[in-house]
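Take the sequence shown: its position 183, counted from the start at 1, is 363 in the numbering used here, and no numbers get skipped. The beta carbon of each residue, even a glycine, is placed where N, CA and C say it ideally should be. Predicted model, so just to flag it, every value in this text is computed and none were measured. Worksheet: the structure to be examined is printed underneath.
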Amino acid sequence: MKKSSCAFGAVTCAVIATALVGCGGSSTSTTSSSSSSSTASSSSSSSSASSSAAAAGADYSNLLIKGSDIELPGDTFTADPPTVNPGGKDGVATAFNNQTQTRVIGDTILILPDATSANAVLDASLAALDQSITDPQPISASVGGSGTMAQGLSPDGTKQVAVLLFAEGKAVVTMEFDSAPGDIVPPDFVTAVGQKQDDAIKAGLPA
Numbered sequence: 181m182k183k184s185s186c187a188f189g190a191v192t193c194a195v196i197a198t199a200l201v202g203c204g205g206s207s208t209s210t211t212s213s214s215s216s217s218s219t220a221s222s223s224s225s226s227s228s229a230s231s232s233a234a235a236a237g238a239d240y241s242n243l244l245i246k247g248s249d250i251e252l253p254g255d256t257f258t259a260d261p262p263t264v265n266p267g268g269k270d271g272v273a274t275a276f277n278n279q280t281q282t283r284v285i286g287d288t289i290l291i292l293p294d295a296t297s298a299n300a301v302l303d304a305s306l307a308a309l310d311q312s313i314t315d316p317q318p319i320s321a322s323v324g325g326s327g328t329m330a331q332g333l334s335p336d337g338t339k340q341v342a343v344l345l346f347a348e349g350k351a352v353v354t355m356e357f358d359s360a361p362g363d364i365v366p367p368d369f370v371t372a373v374g375q376k377q378d379d380a381i382k383a384g385l386p387a
């Protein structure tokens, strides 16, 4: 199953974009603001730049589940090398592929400044579900905070897609399960994998 041009799916790309904008990542406003006030606030800018650089250097790879954590009869999954700070946002992402490359699970964890910011990004990301799923019908999922699941065909009809979104503290998680049309992923399987990812975040993410 071929991955999207954004590597981990349309919803993930939208979540990253939402997180960047929500945390002041708008390139236009940032550029004009820094241009007009570079002289007046040089020391403040230097301090902010240092803080941003330090944050961007964090490696959250330890929060990801392993391929062996994904249990599905007849399938084994192998993880791609993790992408640290996807889209320039604090966090980590990877994709798990089964042995025949017919099922792919994208797993993206974004780290926000606090739980309030994480919940705001999670809420905003729900609007992007229709970019990955035709006529999505979100339902509650018993994973993390405000867990939500939706599934159906991709807009171009080339794959079956299930998306799980949830928050855990200051982390926002997007998991996208891609398979062949008609190869519907069992909701219980989606929930089970999501719960393992949630547990890994609880165990490894500092407060």
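Assign residue i to one of three DSSP states: helix, strand, or coil.
i	result
Q317	coil
I381	helix
F369	helix
G362	coil
A273	strand
L306	helix
L252	strand
I196	helix
K376	helix
A387	coil
L244	coil
A300	helix
Which residue or residues does DSSP assign as beta-bridge partners of residue i?
i	result
Q311	According to DSSP, which records beta bridges pairwise, Q311 is partnered with nothing at all.
F346	V353
N278	F257
I291	A351
L333	Q340
T328	S320, L345
S263	The amino acid occupying residue 263 in the given sequence is Thr; Ser does not appear at that position. According to DSSP, T263 bridges with A273.
G286	A275, E356
Rounded to whole angstroms, what's the CA-CA distance from residue i to residue j? Just pull it up for me.
i	j	result
T432	F369	There is simply no residue 432 to check, as the chain begins at 181 and stops at 387 in what is shown.
P473	K246	Past the boundaries of the shown model lies residue 473; the chain is included only from 181 to 387, so the question cannot be answered.
P318	A238	33 Å
I313	T371	18 Å
A308	V191	6 Å
K376	G324	10 Å
S226	S248	Unreliable placement is indicated for S226, whose pLDDT of 38 sits below 50; no coordinate value is reported for it.
E348	K382	7 Å
S212	N278	Legend: pLDDT at S212 = 35, less than 50; position of this residue unreliable, value from coordinates given subsequently. The alpha-carbon atoms of S212 and N278 are separated by roughly 46 Å.
A300	Q281	34 Å
G254	S359	14 Å
P361	Q340	5 Å
P367	C193	23 Å
Which residues in the same chain have their Cβ closer than 8 Å to the Cβ of residue i, if we skip the five residues on either side of it in sequence?
i	result
D294	K350
T272	The sequence shown places Val at residue 272, rather than the Thr named in the question. D239, Y240, S241, L243, L244, P262, T263, V264, N265, P266, T288, I289, listed in sequence order.
D378	V323, G324, F346, E348, V353
D310	P316, P335
V343	G189, V191, L309, S312, I313, P316, M329, A330, Q331, T354, M355, E356, F357
Spatial neighbours of residue i within its chain, please: CB distance less than 7 Å, with the 5 preceding and 5 following residues excluded, ordered by chain position.
i	result
D315	G332
Report buried or exposed for residue i, applying the criterion of at least 16 other Cβ atoms within 10 angstroms of its Cβ.
i	result
E356	buried
D363	exposed
A298	buried
G337	exposed
G327	buried
G374	buried
P330	The question names Pro, yet the displayed sequence has Ala at residue 330. Classification of A330: buried, given that the 10 Å Cβ count is 16 or more.
A387	exposed
Can you name, in chain order, every residue of its own chain whose Cβ lies under 6 Å from the Cβ of residue i, other than the five neighbours on each side?
i	result
G384	N242, L243
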